[in-house]
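In our numbering, the protein residues as written are 3 to 291. Note that the Cβ used here is the ideal one computed from N, Cα and C, for glycine as well. Following: one structure in structure tokens, then a few remarks.
Here is the structure:
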């Protein structure tokens, strides 16, 4: 059933109803109680979805559609190998820095000011962000997202077996920070990401001695990010100019795309900058770190 998910469904298989009250302890308890189940479902779904995918071949799949209710949806699947790294933890540290500074990273990379409207993250494995982004035309987009992390795979002494699973879901109802459909667009997203340690034959030059057998014995660590996400922009309940709405809905995955650039910048600062300068020009480059 999980591998058969298609755009004929308007909900994500990773969704679970989340209701947060005004009681701070209840908010914490609700999210902690669902963490293990969320991680298990996300891990199983991603395993089935990527069963026949080559982890060393970078690829991306994307589809967009509009639901009968008028919601704008995007589904995206990515496989991103990170080469020249020492461990899964190294890549995770770069990703974690991005996730714990979302509003800053989103503002710097997109040029659209993003504000964090809540501050209640006291747990290392569950993060709740209520974000408001000022898009083109002064249109505000709100997103209430909960991120669940499983870093137990980093405790493995063997770097070749390390892994991290991260899944995210949106808050359906928040009594403390209610949605404002008359004033803002509502963005919802569910996702799963996994960092895995993989090894492959080292791609290099045969030594001058001509001993190709020694090269065959060498292999290299590649940390592979596999991720799937479903993003939905609810049908507007307020007036939004068509060009502005189209621009917003056409770029629902920009934040996730920028995260890859952010991670690479953290891993290889100089090489990333050189690559960016050679491939991006003008205003587009000005929106990148």
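Delimiting residues of the beta strand (DSSP E) encompassing residue i
i, result
"residue 83", "74 to 84"
"residue 47", "No beta strand (DSSP E) holds residue 47; the alpha helix (DSSP H) holding it covers 26 to 51."
"residue 237", "Where residue 237 is concerned, there is no enclosing beta strand (DSSP E), given that its DSSP letter is neither H nor E."
"residue 63", "61 to 68"
"residue 136", "128 to 136"
First through last residue of the alpha helix (DSSP H) which encompasses residue i
i, result
"residue 242", "Per DSSP, residue 242 belongs to no alpha helix (DSSP H) and is neither H nor E."
"residue 96", "90 to 101"
"residue 117", "It is not in any alpha helix (DSSP H) - residue 117 instead sits in the beta strand (DSSP E) that spans 116 to 118."
"residue 104", "104 to 112"
"residue 20", "Taken as a continuous stretch (DSSP letters only), residue 20 belongs to no alpha helix (DSSP H), as it is neither H nor E."
Span separating the alpha-carbon of residue i from that of residue j
i, j, result
"residue 77", "residue 58", "22 Å"
"residue 49", "residue 36", "20 Å"
"residue 19", "residue 250", "26 Å"
"residue 207", "residue 86", "The pLDDT assigned to residue 207 is 49, lower than 50, so where the model puts this residue is not dependable; a value taken from the coordinates is nonetheless given after this. If you take the alpha carbons of residue 207 and residue 86, they lie about 16 Å apart."
"residue 91", "residue 243", "44 Å"
"residue 159", "residue 200", "15 Å"
"residue 221", "residue 141", "50 Å"
"residue 118", "residue 255", "19 Å"
"residue 198", "residue 186", "38 Å"
"residue 3", "residue 47", "Here the model assigns residue 3 a pLDDT of 43, short of 50, so the residue's position is not dependable, and the following value carries that caveat. Between residue 3 and residue 47, the C-alpha separation is close to 9 Å."
"residue 149", "residue 170", "4 Å"
"residue 88", "residue 257", "26 Å"
Chain-order list of residues whose beta-carbon lies under 6 Å from that of residue i (same chain, five-residue window excluded)
i, result
"residue 104", "131"
"residue 168", "151 and 195"
"residue 73", "234, 236 and 237"
"residue 64", "78"
Own chain, CB closer than 7 Å to residue i, minus 5 neighbours either side, in chain order
i, result
"residue 239", "183 and 184"
"residue 21", "174 and 175"
Neighbourhood of residue i by C-beta distance below 8 Å, restricted to the same chain and skipping five residues each side
i, result
"residue 26", "122"
"residue 55", "61, 81 and 228"
Chain D contact for residue i (CB, 8 Å cutoff)
i, result
"residue 141", "Note that chain D does not occur in the displayed structure, where there is just one protein chain."
Scan the region 153 to 232 and note each continuous alpha helix (DSSP H) run of 4 residues or more that stays entirely inside, going in chain order.
214 to 219
Should the region 172 to 182 be regarded as contacting the region 150 to 157, the criterion being three or more beta carbon pairs within less than 8 Å?
no
Evaluate contact between the region 128 to 137 and the region 98 to 114, counting only Cβ atoms and requiring at least three cross-stretch pairs below 8 Å.
yes
So, does the region 87 to 102 touch the region 257 to 270, judging by three or more C-beta pairs under 8 Å?
yes
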